[in-house]
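Okay, so here's the structure we're looking at.
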Amino acid sequence: MTRHWLMKAEPAEESVDDFLAAPAQTLPWTGVRNFQARNFIREMSPGDGVLFYHSSCAQPGIVGIAEIAGRAEPDATQFDPANKYHDSKARREKPLWSQIAVRVVRKTRLLGLSEMRSAPALESMIVLRRGNRLSITPVTDAEWRAVLTLLDRPPAV
DNA sequence: GCCAACGTTGGC
DNA sequence: GCCAACGTTGGC
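Taking our numbering, the leading residue of the first sequence gets 58, the next gets one more, and so forth.
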């Protein structure tokens, strides 16, 4: 079954443009170090739709449409002592964290956080809930369609 | 830089 | 298993 997700990236680390510039517009999504978000990665299937979100930046919001391009596999960065996401508790034979290939399909206009909050159709989105800090959240079919509709319109805020 | 909110850690 | 302290996220 095809599902939909919202995935947060910090553009200073990896932006939607970095994905577009990569071979096949695809990069592994690494560095997730939260169990709930990791479990979502493990539930993903190739072809799932992704809302690409920029966070911790001047203009937080949705900036592109992407899709899952592979299956969950061990996150390579957990084994690398030189990597900032290194996890000393992880073992090759017993990985703790997962990564997955993500392909950016296209950039969109910025659907800013404030515009998202002001759209009644997006009210239920987990990413908009108070105190939410999850970097990966499931998106319902209705929310997905509502976002695509909003993206086709000029900015409302 | 501030701060709310949440996850993780570790003592007991 | 409880829970206080601490660390992190992320918008502003």
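Idealized CB from N, CA, C, for every residue including glycine.
What residue does the alpha helix (DSSP H) around residue 94 start on, and which one ends it?
92-100
Is it a yes or a no for the segment 105-117 touching the segment 63-70, going by three-plus beta-carbon pairs under 8 Å?
yes
Go through its chain and collect everything with a Cβ distance to residue 184's Cβ below 6 Å, but skip five positions before and after it.
63, 194
Using C-beta distances below 6 Å, list every residue in its chain close to residue 152, excluding the 5 sequence neighbours before and after it, in chain order.
131
Contact set for residue 41: own chain, Cβ-Cβ below 8 Å, skip 5 residues either direction
Nothing about residue 41 can be read from this structure; the chain reaches only from 58 to 214.
Determine which residues share a DSSP beta bridge with residue 155 and list them.
131
Looking at C-beta atoms only, is the number of pairs between the segment 142-149 and the segment 97-110 that lie closer than 8 Å three or more?
Per the Cβ contact rule, the segment 142-149 is not in contact with the segment 97-110 (fewer than 3 Cβ pairs under 8 Å).
Residue closest to residue 205, alpha-carbon to alpha-carbon, out of 189, 136, 97, 120:
120
How about residue 200 and residue 162: are their beta carbons less than 8 Å apart?
no
Do you know offhand how far residue 197's Cα is from residue 58's?
Taking the straight line from one Cα to the other gives about 13 Å.
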